[in-house]
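Student: Quick one: the structure is below, and I'll ask about it shortly.
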Amino acid sequence: MSTQDKVIAIIAEQAVLEPSDVTLDSTLEDLGIDSLGLVESIFAIEEEFDITIPFNANEPEKSDFDISNVAAIIAGIDTLISEK
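Following this line, the structure appears as structure tokens:
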């Protein structure tokens, strides 16, 4: 399973949707994921890929990690994996 497929599966699980309902253009807000769901998604992604995402849930606007849509999240994860 590719990084993209794994991330989409994790996000879909948090949104209680089928992975096929999650597009690369989807925002977390579009998918109904609130701040708690975001944090749960980040923890699940960190565990799945053994990475640390530089994201502060208390100050998301100050984060270097782009969560504007699913494609941006996947790109950020790919970067973190390659830097490992």
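Here the sequence shown stands for residues 1 to 84, where the numbers follow UniProt numbering. For every residue, glycine included, the Cβ atom is placed at its ideal position computed from N, Cα and C.
(1) Taking C-beta to C-beta, are residue 15 and residue 39 nearer than 7 Å?
(2) Which first and last residues belong to the alpha helix (DSSP H) in which residue 40 is found?
(3) Have a look at residue 84 and residue 51 and give me their C-alpha separation to the nearest angstrom.
(4) In or out: residue 32 buried (at least 16 other Cβ within 10 Å) or exposed?
(5) Looking at the unbroken alpha helix (DSSP H) that takes in residue 82, where does it start and where does it end?
Tutor: Straight from the coordinates:
(1) no
(2) 35-49
(3) 8 Å
(4) exposed
(5) 70-83
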